[in-house]
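In the working numbering, the protein residues as written are 1 to 150. Beta carbons are placed, not taken as given, at the ideal position from N, Cα and C, and that holds for glycine.
Shown next, in the form of structure tokens:
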């Protein structure tokens, strides 16, 4: 006796598209959380808010080489890197550096050593481990809306 064949609905393309969209959403959420964390938890004395204001998402997440890529950090602030990593500043063309101190007087020195005041790395360390959960939650939300995921 011949069996009646059963058909299987294949949602592979829809599942793949939903997963890619969830990855993009998860990466964007994680970058936004990193930006907020870095702005709230820095250790420097904020005088002008220029560095804090420069912390932002540079490129929102988009498909890239079989995955998803987004970029966040500090844009257009030349001293951002030395604040994050620390380092020594030496004059390029002059014989000394001259800068105003808090009391209004000037200091003239051959070099200045800036201690590391990390604000981007701690934000990434705190938020990156949450990426998989964010992708998973986004995927589940999309699956509920579409009701096409097994």
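Residues bridged to residue i [DSSP beta-bridge criterion]
| i | result |
| --- | --- |
| residue 24 | None; residue 24 has no bridge partner. |
| residue 59 | 71 |
| residue 113 | 88 |
| residue 13 | Looking at the DSSP assignment, residue 13 forms no beta bridge with any residue, so it has no partner. |
Rounded separation between residue i and residue j - CA only
| i | j | result |
| --- | --- | --- |
| residue 17 | residue 59 | 21 Å |
| residue 118 | residue 92 | 25 Å |
| residue 19 | residue 123 | 25 Å |
| residue 98 | residue 79 | 16 Å |
| residue 64 | residue 15 | 18 Å |
| residue 12 | residue 84 | 44 Å |
| residue 114 | residue 89 | 8 Å |
| residue 149 | residue 25 | Its pLDDT being 47, under 50, residue 149 is placed unreliably by the model, and nothing is read from it. |
| residue 50 | residue 102 | 18 Å |
| residue 116 | residue 143 | 44 Å |
| residue 23 | residue 87 | 36 Å |
| residue 52 | residue 128 | 20 Å |
| residue 112 | residue 130 | 38 Å |
| residue 100 | residue 120 | 28 Å |
| residue 40 | residue 7 | 55 Å |
Beta-carbon proximity of residue i to residue j, cut-off 9 Å
| i | j | result |
| --- | --- | --- |
| residue 57 | residue 67 | no |
| residue 42 | residue 126 | no |
| residue 138 | residue 62 | no |
*Inter-stretch contact (C-beta, 8 Å, three-pair minimum) for the segment 75-87 and the segment 98-110*: no
*Count the CB pairs spanning the segment 20-37 and the segment 132-144 that are closer than 8 Å, and state whether there are at least three.*
yes
_Suppose only complete runs of 4+ residues qualify. What are the alpha helix (DSSP H) ranges in the segment 28-59, listed by chain order?_
50-54
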